[in-house]
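Worksheet: one structure, shown below.
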Amino acid sequence: MQEAEAVLGRTMTWAEVAWFRYSAAMPDSWLMCHNALAFGIVFLVVPLPLILLEQFAPAVALRYKLQPKVRPLSATAHLRNIMVGGRKMLLLYAPHQLMYLITFKIAGVRTGIPLPPAGEVVAKVVVYALLEDYLSYWIHRFLHTKWAYRNIHYVHHELRAPTGFNAVYAHWADLNVSTVTIIVYLAIVPCHVTVHWLWYALRAIENLESHSGYDFPFNPKRFIPFYGGAEFHDYHHRVEGRQSNLAPIFTYCDYIYRTDKGYRYHKARLAERKKLAGEDNMGKRGSKQGRQD
Numbered sequence: 001m002q003e004a005e006a007v008l009g010r011t012m013t014w015a016e017v018a019w020f021r022y023s024a025a026m027p028d029s030w031l032m033c034h035n036a037l038a039f040g041i042v043f044l045v046v047p048l049p050l051i052l053l054e055q056f057a058p059a060v061a062l063r064y065k066l067q068p069k070v071r072p073l074s075a076t077a078h079l080r081n082i083m084v085g086g087r088k089m090l091l092l093y094a095p096h097q098l099m100y101l102i103t104f105k106i107a108g109v110r111t112g113i114p115l116p117p118a119g120e121v122v123a124k125v126v127v128y129a130l131l132e133d134y135l136s137y138w139i140h141r142f143l144h145t146k147w148a149y150r151n152i153h154y155v156h157h158e159l160r161a162p163t164g165f166n167a168v169y170a171h172w173a174d175l176n177v178s179t180v181t182i183i184v185y186l187a188i189v190p191c192h193v194t195v196h197w198l199w200y201a202l203r204a205i206e207n208l209e210s211h212s213g214y215d216f217p218f219n220p221k222r223f224i225p226f227y228g229g230a231e232f233h234d235y236h237h238r239v240e241g242r243q244s245n246l247a248p249i250f251t252y253c254d255y256i257y258r259t260d261k262g263y264r265y266h267k268a269r270l271a272e273r274k275k276l277a278g279e280d281n282m283g284k285r286g287s288k289q290g291r292q293d
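Counting in the UniProt record's numbering, the sequence shown runs without a single skipped number right up to 293 at its last residue.
This is the structure:
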């Protein structure tokens, strides 16, 4: 550790000390494969509170459900989604990790110290979010062409009301195509491996949230500009094979390329119905008060 500090020319921060102790004797290849561990933990843990809410407090969950007429999946159905999606991810783990390792080496992804400053971490996460959103939009648009949807993407749309565990319920080719974005953004903007872990985990959380089927008051769309969230993506599943709401994270691509017209029309109709219902209720209350007078 003293040698590392001598090379740095300063005392290491507590985070760098922790990282040095964890990573010093570990091969770079193992460190670079930790993204799979990050994904596995997020995939298994993040959806659980909502699943428990559905099972033990369904009345509370129903208030925020985007498709309330669709019955929540049973625990058995959730387990099936986990097994199907998890099995495909495990089978694809080795070839995906090989592609990542090659990309990491070519792009110059760092594993040592110093750790990147907070400002760099935030900036790269934002860049990765924008790059992945744009690239995924066009990949998703291809998957909704007639041939690709019929032969590949239909599997992911078997459930019109998605759930968190349904996020990776997809055709193996669909899962393979989705890895292209990771290779591209790392090649364009290399980073420290810990930043990649962070973004990989955040992207997994976003994917699970957008497939949750619920729109809670604390949804990130209320705090992050142009964030789509569960409501935006739920409409995409509701209309199945149509090319609508294709971007995975933000809404700007669908707005620019006019693939959110159906969604905006749907939102306008809902707002009009809500307004008419409010006016009708006010009229009924006024009529009732007049009779009492």
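Beta carbons are placed, not taken as given, at the ideal position from N, Cα and C, and that holds for glycine.
(message) Rounding to the nearest angstrom, what Cα-Cα distance links D28 and A271 in this structure?
(response) 53 Å
(message) Measuring only the C-alpha atoms, how far is L130 from F223?
(response) 17 Å
(message) Taking the beta carbon of G9 as the centre, do at least 16 other beta carbons fall within 10 Å, making it buried, or is it exposed?
(response) exposed
(message) For G119, count the other beta carbons within 10 Å of its own beta carbon; 16 or more makes it buried, fewer makes it exposed. Which is it?
(response) exposed
(request) Measure the alpha-carbon distance for I102 versus T259 and round it to whole angstroms. (result) 35 Å
(message) Within a Cβ cutoff of 8 Å, which residues of the same chain sit near Y227, ignoring the five residues on either side of it in sequence?
(response) P220, K221, I249, F250 and T251
(request) Could you have a look at F20 and say whether DSSP puts it in helix, strand or coil? (result) helix
(request) Give the single residue among A204, V184 and G164 whose Cα lies nearest to the Cα of L48. (result) G164
(request) Please list, in chain order, all residues of the same chain as V189 whose beta carbon is under 8 Å from its beta carbon, the five residues on each side excluded. (result) Cβ within range, chain order: K124, V127, Y128 and L131.
(request) Name, in chain order, the residues that DSSP records as bridge partners for H144. (result) Answer is none; H144 lacks a bridge partner.
(request) In the DSSP assignment, find the unbroken alpha helix (DSSP H) run with C253 in it and report its ends. (result) Y252 to I256
(request) Have a look at W19, H233, I82 and A204 and flag the residue whose alpha-carbon is nearest the alpha-carbon of Y137. (result) H233
(message) Among V121, N166, H144 and L98, whose alpha-carbon lies nearest the alpha-carbon of A36?
(response) L98
(message) At the level of alpha carbons, what is the spacing between H156 and H144?
(response) 11 Å
(message) Quick check on the burial criterion: 16 or more other C-beta atoms within 10 angstroms. Buried or exposed for N81?
(response) buried
(message) Let's test the definition: count the other Cβ atoms within 10 Å of the Cβ of S74 and tell me whether it reaches 16, buried, or not, exposed.
(response) exposed
(message) The alpha helix (DSSP H) that contains S178, what's its start and end?
(response) W172 to S178
(request) Name the one or two DSSP bridge partners that H192 has. (result) R110
(request) Check whether the Cβ atoms of V42 and I182 lie closer than 7 Å to each other. (result) It is not a contact, given that the beta carbons lie outside the stated cut-off.
(request) Keeping to the same chain, check which residues put their C-beta closer than 8 Å to that of L91; ignore five residues upstream and five downstream. (result) Annotation for L91: W172 place their beta carbon closer than 8 Å to its own, counting only its chain and skipping 5 residues before and after.
(message) Measuring straight from C-alpha to C-alpha, what distance separates F104 and I139?
(response) 22 Å
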